[in-house]
Amino acid sequence: MKKKRVLVTGGSGFLGSHICERLLSMGREVICVDNFFTGRKENILHLMGNPYFEIIRHDVTFPLYIEVDEIYNLACPASPVHYQYDPVQTTKTSVHGAINMLGLAKRIKAKIFQASTSEVYGDPEIHPQTEDYWGNVNPIGVRSCYDEGKRCAETLFFDYNRQHNLRIKVGRIFNTYGPRMAMDDGRVISNFVVQALRGQDITIYGKGEQTRSFCYVDDLVDGIIGFMEKTPDTFTGPMNLGNPGEFTILELAQTITNMVGSQSRIIHKDLPADDPMQRKPDISLAQKNIHWNPQITLREGLTKTIEYFDTYLKNL
Ligand code: NAD
Ligand code: UDP
Ligand code: UDP
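In my numbering, the protein residues as written are 9 to 324.
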């Protein structure tokens, strides 16, 4: 039987590389499209010998003509440090990238997944966040290129669905972590783990009372693939995908320093503008529709992540 051919944009990034790996293990032919802005060849090096894996260096803000059965659209820098480096390009990646991938999906009648984000809820006034909450987003702040770009991408997905009957799946991903996050990524777990392993100061932004809910990457991949594979075409989402376990950033810093056995001091830096105070997904929709429940506790996930960075730093 002919293998299903799947396009993964952003396939050499943190999440994308795990999706490529999983799809190959499921017997799919995988095409990874990436401009390597935050992605790295080393994330996919182990897949390169596989004859069913192909890499195309391409920026999704430009049109792409290929033939595939399914698309996972993950291209977009996800860390505030990276997406604020060139904010105009970030909006273009979300918006023009979505238009091009939707245009592609329309022409070849492919099913398409969009990696949306909990950031569409902004600094949320309801807690935990359910999919019917419209969000509290600053349209002109430093995070807006990412938040509003992703919100506009969602609009485009739903309009292509209504206007052109496209088969869409929109997943709102909450903070996810694990091996292959970039060391200089700037996100909280990679920062704290690397700082703890190196005995450097742990940099808490603000008092550390803000909360996040952290999902281990393998759980997230189960959720994304389950959404694409197990739900009927009529089920488009948006659907939250994240681990409802909620922690303050101070708790996270203490847990990581204890687990590493680090002598690092905790220091406080300014809280960045528009930093959301709390975040926790309501995952009832995913539980009901794909019977999905994250299995990996924060401590288990951190153990694997600390092991990864420990080895990575020793081999630098
Ligand atoms: P990442 O930065 O590791 O990966 C993003 C990938 O997209 C990189 O490989 C990068 O080179 C590529 N890319 C960026 N701009 C591109 C462009 N114009 N053309 C082609 N490729 C481009 O980030 P990640 O954590 O793996 O995130 C992947 C996706 O998931 C993103 O869309 C992100 O918004 C979404 N997401 C991630 C999280 C999370 O916690 N990791 C949470 C919510 C949403
Ligand atoms: N597009 C693409 N690959 C395709 C088909 C379309 O990249 O295989 C791009 C194309 O450049 C266009 C966008 O997707 O700008 C939207 O396509 P659509 O057909 O929806 O709109 P139109 O071409 O009518 O503007
Ligand atoms: N944060 C922190 N120290 C760091 C990096 C991040 O205290 O070195 C905080 C950040 O201000 C935010 C939380 O940790 O409140 C999560 O930040 P991250 O960039 O990982 O994700 P996002 O803000 O996009 O949820």
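By construction, the Cβ of each residue, glycine as well, lies at the ideal position given by its N, Cα and C atoms. This structure is a prediction, so every number in the text was calculated from the model and none was measured.
Measuring CB to CB, does residue i end up less than 8 Å from residue j?
{"i": "aspartate 282", "j": "asparagine 146", "result": "yes"}
{"i": "glycine 130", "j": "aspartate 155", "result": "yes"}
{"i": "valine 150", "j": "aspartate 77", "result": "no"}
{"i": "arginine 287", "j": "arginine 220", "result": "yes"}
{"i": "valine 96", "j": "threonine 17", "result": "no"}
{"i": "glycine 111", "j": "valine 128", "result": "no"}
{"i": "threonine 244", "j": "leucine 310", "result": "no"}
{"i": "phenylalanine 250", "j": "phenylalanine 182", "result": "Checking the displayed sequence, the identity of residue 250 turns out to be glycine instead of phenylalanine. Yes."}
{"i": "proline 252", "j": "proline 289", "result": "yes"}
{"i": "proline 85", "j": "phenylalanine 45", "result": "yes"}
{"i": "valine 229", "j": "histidine 54", "result": "no"}
{"i": "lysine 114", "j": "tyrosine 213", "result": "no"}
{"i": "glycine 186", "j": "lysine 11", "result": "no"}
{"i": "asparagine 248", "j": "arginine 180", "result": "yes"}
Would you please state the rounded distance, in angstroms, between the beta carbons of residue i and residue j? I believe it to be under 8 Å.
{"i": "isoleucine 298", "j": "glycine 234", "result": "4 Å"}
{"i": "aspartate 209", "j": "arginine 273", "result": "5 Å"}
{"i": "valine 41", "j": "leucine 72", "result": "7 Å"}
{"i": "leucine 258", "j": "glycine 216", "result": "3 Å"}
{"i": "glycine 157", "j": "serine 102", "result": "3 Å"}
Can you tell which of the options has its C-alpha closest to the C-alpha of residue i?
{"i": "alanine 123", "options": "Arg115, Met236, Gln295 and Ser272", "result": "Met236"}
{"i": "isoleucine 120", "options": "Thr101, Phe45 and Asn81", "result": "Asn81"}
{"i": "tyrosine 320", "options": "Asp192, Lys238 and Lys114", "result": "Asp192"}
{"i": "leucine 60", "options": "Lys277, Val68 and Leu32", "result": "Leucine is not the amino acid found at residue 60; the sequence shown has tyrosine there. Comparing Cα positions, the closest option is Leu32."}
{"i": "isoleucine 314", "options": "Tyr224, Gly24, Thr46 and Leu72", "result": "Tyr224"}
{"i": "proline 136", "options": "Gln171, Tyr93 and Phe255", "result": "Phe255"}
{"i": "lysine 49", "options": "Arg115, Ile210, Val68 and Cys28", "result": "Cys28"}
{"i": "proline 284", "options": "Gln208, Asn169, Ile232 and Pro132", "result": "Pro132"}
{"i": "proline 88", "options": "Thr125, Arg115, Gln171 and Val103", "result": "Thr125"}
{"i": "asparagine 173", "options": "Lys117, Ile304 and Gly253", "result": "Lys117"}
{"i": "threonine 265", "options": "Gln295, Cys153 and Ala204", "result": "Ala204"}
{"i": "arginine 65", "options": "Ser102, Gly21 and Tyr93", "result": "Gly21"}
{"i": "threonine 211", "options": "Leu260, Pro302, Glu62 and Gly57", "result": "Leu260"}
{"i": "arginine 188", "options": "Leu293, Lys10 and Ile52", "result": "Ile52"}
{"i": "glutamate 139", "options": "Phe70, Leu293, Met267 and Ala190", "result": "Leu293"}
{"i": "tryptophan 300", "options": "Gly19, Lys238, Asp94 and Met267", "result": "Lys238"}
{"i": "leucine 23", "options": "Tyr93, Gln218, Ala190 and Val196", "result": "Ala190"}
In whole angstroms, what is the alpha-carbon distance linking residue i and residue j?
{"i": "glycine 105", "j": "alanine 83", "result": "8 Å"}
{"i": "lysine 177", "j": "leucine 279", "result": "34 Å"}
{"i": "isoleucine 74", "j": "threonine 184", "result": "30 Å"}
{"i": "tyrosine 141", "j": "isoleucine 134", "result": "8 Å"}
{"i": "isoleucine 79", "j": "glutamine 271", "result": "45 Å"}
{"i": "proline 246", "j": "glycine 35", "result": "27 Å"}
{"i": "isoleucine 275", "j": "arginine 159", "result": "34 Å"}
{"i": "leucine 306", "j": "phenylalanine 222", "result": "7 Å"}
{"i": "tyrosine 316", "j": "phenylalanine 200", "result": "14 Å"}
{"i": "alanine 161", "j": "aspartate 318", "result": "37 Å"}
{"i": "lysine 322", "j": "valine 202", "result": "12 Å"}
{"i": "cysteine 153", "j": "lysine 100", "result": "9 Å"}
{"i": "glycine 47", "j": "glutamate 308", "result": "25 Å"}
{"i": "isoleucine 63", "j": "methionine 56", "result": "8 Å"}
{"i": "arginine 30", "j": "glycine 207", "result": "34 Å"}
{"i": "tyrosine 93", "j": "glycine 19", "result": "21 Å"}
{"i": "histidine 90", "j": "proline 302", "result": "27 Å"}
{"i": "phenylalanine 165", "j": "methionine 9", "result": "31 Å"}
{"i": "serine 98", "j": "valine 196", "result": "For clarity, residue 98 is threonine in the given sequence; the question names serine instead. In a straight line, the C-alpha of threonine 98 is about 20 Å away from that of valine 196."}
{"i": "glutamine 218", "j": "leucine 324", "result": "33 Å"}
{"i": "threonine 163", "j": "isoleucine 148", "result": "18 Å"}
- Task: Any chance you could list the residues with Cβ under 7 Å from a heavy atom of ligand 3, keeping chain order?
- Result: Having a Cβ closer than 7 Å to some heavy atom of ligand 3 are Ser87, Pro88, Glu127, Asn183, Gly194, Arg195, Val196, Ile197, Asn199, Phe200, Thr211, Ile212, Tyr213, Gly214, Gly216, Gln218, Arg220, Ile257, Leu279, Pro280, Asp283, Pro284 and Arg287.
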